[in-house]
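Each residue of the sequence shown is one higher than the last, beginning at 22 in the numbering used here.
Glycine is no exception: its CB is placed at the ideal position from the N, C-alpha and C atoms.
Single-structure report; data block below.
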Amino acid sequence: MLLAWTLALIACLSLSIEAHASPRRAVVVAPPGDKLGTQLSSELVSASFEPLVIPPPGSVVARAFLESALRQYQAAGVLQVVSGATAVQVWVWSNTQRELVLADLVYQPGDEDTDRSLVAVRAVEALRAAAASPVPAPPSPSASSSSAPAPPPPSSYRVAQRPGRSSFLVAAGAAMLLSPGGIGPLLNGEIQAQVRMPSSLLVRLLASLPVTHADESSAAGTSEASATLLSAGVGLGAGGSTRGYAALGVGMLRFQSKGTAIAPYAGHVDSAYACLMLAHVGGRIPLVPWVGLRGDLTAGLSVPELSVHHAQTKVATFGRPLVSTSVGLDVVW
């Protein structure tokens with residue numbers, strides 16, 4: 022008889038412990054393999070919760086399902102992931118406040134991993150805040166049902182979108198300068214920097230420095246021609262992993278011709294400068310995090326026209342118009 026009473030007491034205690042042993046359990050309702058569901062589980066573990074991942078009953082958030090999962094698994098809260106092409110939502114049903122907490126964040130194209138981590142942190146923060154709140158006391162039996170206040174409607178807590186941030190880009194590559202005035206293609210080394218504002222506005226700086234020269238010959242002599250291009254501009258950058266852009270700018274073109282060892286041009290150096298009105302377009306393909314392959318096209322018009330003269334005879338012109346194509350690598354942070 023004593024043994025029977027002991028076993029019955031142990032069974033009752035076990036049921037009681039089972040019903041209340043997991044005040045820090047949190048149920049994550051997410052499709053199998055969902056990246057945000059995995060991120061939520063990691064954040065819950067970091068917050069000392071015991072995550073339990075179950076598949077959703079459908080794509081629609083059902084409060085009845087959330088409440089049923091809350092009771093079935095004796096959890097502190099239930100987090101359901103609802104993902105779309107450009108947005109994600111985490112619905113949090115609190116076991117203490119009995120209210121629905123909505124945490125959502127719109128993805129920034131190209132930055133899904135960063136946004137996924139942020140929305141997971143915010144959702145777990147919302148659950149922790151709800152779990153730390155005291156459970157409302159039940160109404161007194163002696164209180165009149167007519168005078169009892171109506172239960173408050175479910176409230177929602179919206180996580181603010183991640184504030185916009187500026188990004189920086191530095192690139193280096195090879196550029197080919199072309200102009201229809203008779204000067205052959207010029208190979209330059211190109212360095213550029215971009216600063217992108219949160220509003221997609223960007224500022225672009227460019228330096229194109231000569232690597233090779235072009236030979237211009239006539240009956241009167243031969244010259245070596247090279248060009249240096251500096252420019253600054255503003256434009257708009259597109260989102261996504263290609264990070265395309267279009268910009269307008271102004272620049273300075275330094276054109277230099279140097280006579281070779283043919284009289285009367287031996288050692289003679291002639292430098293001329295012109296202003297440029299420029300248009301830029303380009304984009305990038307990410308290779309690894311932070312590093313990408315990029316291509317740029319710059320078209321411009323110089324004022325005044327630059328030229329090479331032999332014996333006061335114009336033999337070639339450069340810069341009106343001017344096209345520069347470049348390929349290189351960039352680093353973005």
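Asked                                                                                                                                  : Found
In the DSSP assignment, the alpha helix (DSSP H) including Glu88 goes from what residue to what residue?                               : 84-93
So the candidates are Val66, Lys56, Leu297, Asp351; which of them puts its Cα closest to the Cα of Leu343?                             : Leu297
Taking just the CA atoms, how far does Arg225 sit from Val329?                                                                         : 31 Å
Please list the terminal residues of the continuous alpha helix (DSSP H) segment that includes Val66.                                  : 56-67
Can you tell which of Thr249, Glu64, Arg315 has its C-alpha closest to the C-alpha of Leu190?                                          : Arg315
Just confirm the distance between the C-beta atoms of Gly270 and His301, as a whole number of angstroms; I'd bet it's less than 8 Å.   : 7 Å
Could you spell out where the beta strand (DSSP E) holding Ser239 opens and where it closes?                                           : 235-239
Report the rounded CA-to-CA distance for Ser292 versus Arg305, giving the unit in angstroms.                                           : 35 Å
Taking the C-alpha atoms as reference points, what is the distance between Ser188 and Leu257?                                          : 13 Å
What separation, rounded to the nearest whole angstrom, lies between the Cα atoms of Gln60 and Ala141?                                 : 6 Å
Identify the continuous beta strand (DSSP E) that holds Gly210 and give its terminal residues.                                         : 207-217
I need the straight-line Cα distance from Leu208 to Ala193, nearest angstrom please.                                                   : 14 Å
Determine whether the beta carbon atoms of Val309 and Leu350 lie at a separation below 8 Å.                                            : no
Just checking my contact of Val113 with Leu148 at CB under 8 Å: how many whole Å lie between their CB atoms?                           : 5 Å
Below 8 Å on the Cβ atoms is my guess for Leu322 versus Thr338; work out the distance and round it to an integer in Å.                 : Their Cβ separation, rounded to whole angstroms, is 12 Å, which puts Leu322 and Thr338 out of contact at 8 Å.
By how many angstroms is the C-alpha of Ala235 removed from the C-alpha of Leu318?                                                     : 21 Å
Here's the rule: buried if 16 or more other CB atoms are within 10 angstroms of the residue's CB, otherwise exposed. What is Ser1?     : Because the chain in this structure spans residues 22 to 354, residue 1 falls outside the shown range and cannot be described.
Put Glu146 into one of helix, strand or coil per three-state DSSP.                                                                     : helix
Exposed or buried, which one is Gln213 when buried takes at least 16 other CB atoms within 10 Å?                                       : buried
By DSSP's criteria, Gly280 is part of a beta bridge. Which residues make up the other side?                                            : Ser244
Judging by CA-CA distance, which residue of Ala47, Tyr94, Ala246, Ser252 is the nearest neighbour of Ser229?                           : Ser252
So Val66 and Leu100 are supposed to be a Cβ contact under 8 Å. How far apart are they, rounded?                                        : Contact flag wrong, Cβ pair sits at about 13 Å.
So what's Val352 in DSSP terms, helix, strand or just coil?                                                                            : strand
Answer with buried or exposed for Gly340, where buried requires no fewer than 16 other C-beta atoms within 10 angstroms of its C-beta. : buried
So what's Arg45 in DSSP terms, helix, strand or just coil?                                                                             : coil
Report whether the distance from the Cβ of Val102 to the nearest heavy atom of the ligand COA is below 7 Å.                            : The ligand COA is not part of the structure shown, which contains no ligands of any sort.
Out of Pro76, Ala47, Ala68, state which residue places its alpha-carbon closest to the alpha-carbon of Asp55.                          : Pro76
For the beta strand (DSSP E) that contains Arg315, what are its first and last residues?                                               : 312-324
Taking the alpha-carbon of Val324 as reference, which of Ala332, Tyr294, Ser345 has the nearest alpha-carbon?                          : Tyr294
According to DSSP, Phe339 sits in a beta bridge with which residue or residues?                                                        : Leu327
If I follow the unbroken beta strand (DSSP E) through Val362, where does it start and stop?                                            : With the chain running from 22 to 354 in the structure shown, residue 362 is simply not present.
Hey, how far is the Cα of Arg217 from the Cα of Ser63?                                                                                 : 32 Å
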